[in-house]
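Presented below is the structure to which this report refers.
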Amino acid sequence: MIVSARNQYQELLELLQAKNGNSELADRKRFAAKAFDVTSHYDSAIFNYFNQEQQLPSFKASVPQGKVLRYGENPHQQGVFFGALDDLFDQLNGKELSYNNLVDVDAAIHLVKEFYGEKAFVIIKHTNACGVATAGDVKTAYLKAFQADTLSAFGGVLATNQKIDLAAAEEINKLFFEILIAPDFEPQALDLLKSKKNRIILKQKQSLKGAKQFKSLLNGVIEQDLDLKTDSKAELKTVTKRAPSSQQIEALLFASKICKHTKSNTIILAVDGQLLASGVGQTSRVDALKQAIEKAAAFGFDLKGSVMASDAFFPFPDCVEIANQHGIEAVIQPGGSIKDQDSIAYCDQHNMAMVFTGTRHFKH
């Protein structure tokens with residue numbers, strides 16, 4: 257019988273006392289499994305350390321902490337979370353996080369991380385942003401984010417990179433939401449938000465770490481680098497006769513950040529500091545744009561003077577044509593299509609500004 261941790265001493269003592277110093281095969285298997293759990297994690301950690309340099313084509317991941325969830329993505333599926341969630345968050349209120357909650361929380365904190373140095377608020381539904389805004393205070397940022405889609409925000413996951421004060425909490429409290437994430441809460445604000453016992457409130461203690469992501473598929477595992485690239489002003493290439501104004505550049509970069517975290521094909525419509533509408537997960541870029549325009553109209557936004565971001569290049573000029581018809585004046589996209597010039601020519605003919613980033617941000 258092998259004992260691999262101090263917390264197993266009592267179990268071993270009780271077992272030997274109950275069985276007069278003997279053990280059964282099932283007992284030895286249980287203790288052996290616990291021992292190999294320890295040693296295999298240690299071995300994987302050593303291998304991954306050396307493989308940072310050697311780059312052997314072998315995948316090994318070991319996460320020793322596991323928490324059984326109520327169920328997986330749907331009630332008929334089992335689910336387990338592996339990881340040290342308590343290192344990231346203090347849960348201040350609410351029920352246990354579900355599988356879908358965890359997926360949306362991950363999406364929310366990845367997106368809000370893009371707005372370092374700004375006061376930002378994001379609202380997530382099924383991993384996509386239905387509201388994003390920056391402002392001079394949390395209350396205003398929340399109200400601007402909520403304005404983008406007051407329907408989808410219901411039951412959503414909310415996140416900010418600022419302390420929640422009472423003024424913000426009073427507005428947020430009017431909404432039914434699943435989760436609120438913030439780095440801190442004023443005491444009065446927290447008391448108000450805890451008035452709903454099932455409402456999950458998370459205090460984020462640290463930022464996300466790691467540079468890789470992986471998932472299972474086709475009886476195997478696929479791994480890649482995280483998309484840690486954020487488009488910057490220095491990398492923008494103006495390809496049209498009209499250059500975007502400084503305010504438009506800020507709006508374009510704002511839209512690009514949201515685009516990066518939205519399911520492809522996606523189109524983001526925005527002004528500086530506010531998401532107006534998004535087209536999400538469509539099979540064509542034209543459909544994504546039409547969806548975004550329809551949503552903007554549904555929530556009372558005038559698109560005249562707004563900007564458009566695309567996660568990938570335009571194979572045809574149809575998207576810039578539709579955008580122009582609705583008053584959109586500036587576009588940000590990766591570029592790289594053999595027909596880029598068609599879109600550029602249309603923009604020049606209609607006094608639109610367009611910049612290329614050189615970086616595609618597909619998200620599947």
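For the sequence shown, the tail end lands on 620 under this note's numbering, and the numbers increase by one without skipping.
Where a beta carbon is used, it is the ideal one built from N, C-alpha and C, also for glycine.
Is V294 a contact residue of the ligand SAM, with contact defined as CB to any heavy atom under 6 Å?
With respect to the ligand SAM, the structure shown offers nothing to examine, as it has no ligands at all.
What is the residue span of the alpha helix (DSSP H) that Q460 lies within?
For Q460, no alpha helix (DSSP H) segment is defined; the enclosing uninterrupted segment is the beta strand (DSSP E) at I456 to Q460.
Going by Cα to Cα distance, which pick from I578, I584 and N356 is closest to K381?
Proximity to K381 across I578, I584 and N356 peaks at N356, based on C-alpha coordinates.
With DSSP as the reference, please indicate the residues paired to D483 in a beta bridge.
For D483, no pairing in a beta bridge is given by DSSP.
Tell me, please, which residues DSSP counts as bridged to V527.
Listed as beta-bridge partners of V527 by DSSP are Q530.
Cut-off 8 Å between Cβ atoms - residues of its own chain near A288, not counting five sequence neighbours on either side
So the list reads I258, once near-sequence residues are dropped.
Buried or exposed for I302, going by 16 or more other Cβ atoms inside 10 Å?
By the 10 Å Cβ count, I302 comes out exposed.
Check whether the segment 559-568 and the segment 426-436 are in contact - that is, three or more C-beta pairs closer than 8 Å.
The count of Cβ pairs closer than 8 Å, one atom from the segment 559-568 and one from the segment 426-436, stays below three, leaving the stretches out of contact.
Kindly indicate which three-state DSSP category L414 falls into: helix, strand or coil?
The answer is strand: DSSP assigns L414 an E or B state.
Among L399, D421 and L436, which one has its Cα closest to the Cα of G411?
It is L436 whose Cα lies nearest to the Cα of G411.
If we call anything under 7 Å between Cβ atoms a contact, is K400 one with Q530?
Their beta carbons are under 7 Å apart, which means K400 touches Q530 by this criterion.
Tell me the residue span of the alpha helix (DSSP H) that contains V319.
Under the DSSP assignment, V319 falls outside any alpha helix (DSSP H); it carries neither an H nor an E label.
Identify the residues that DSSP records as bridge partners of K468: which are they?
According to DSSP, which records beta bridges pairwise, K468 is partnered with D481.
What's the call for S599, buried or exposed, on a 16-neighbour Cβ count within 10 Å?
Around the C-beta of S599, 16 or more other C-beta atoms lie within 10 Å, and the residue is accordingly described as buried.
Close-in-space but distant-in-sequence residues of the same chain around V319 (CB under 7 Å, 5 per side omitted)
Closer than 7 Å at Cβ, skipping near neighbours: F338 and G339.
By Cβ distance, which residues of its chain are closer than 7 Å to Q321, with the 5 residues on each side in sequence left out?
Only F338, G339 and A340 meet the Cβ criterion.
contact_flag[the segment 507-526, the segment 372-391] where n(CB pairs < 8 Å) is 3 or more
Between the segment 507-526 and the segment 372-391, the count of Cβ pairs shorter than 8 Å is three or higher; the stretches touch.
Option in P571, T383, F402 and K351 with minimal Cα separation from I594
For the residues P571, T383, F402 and K351, the minimum Cα distance to I594 belongs to P571.
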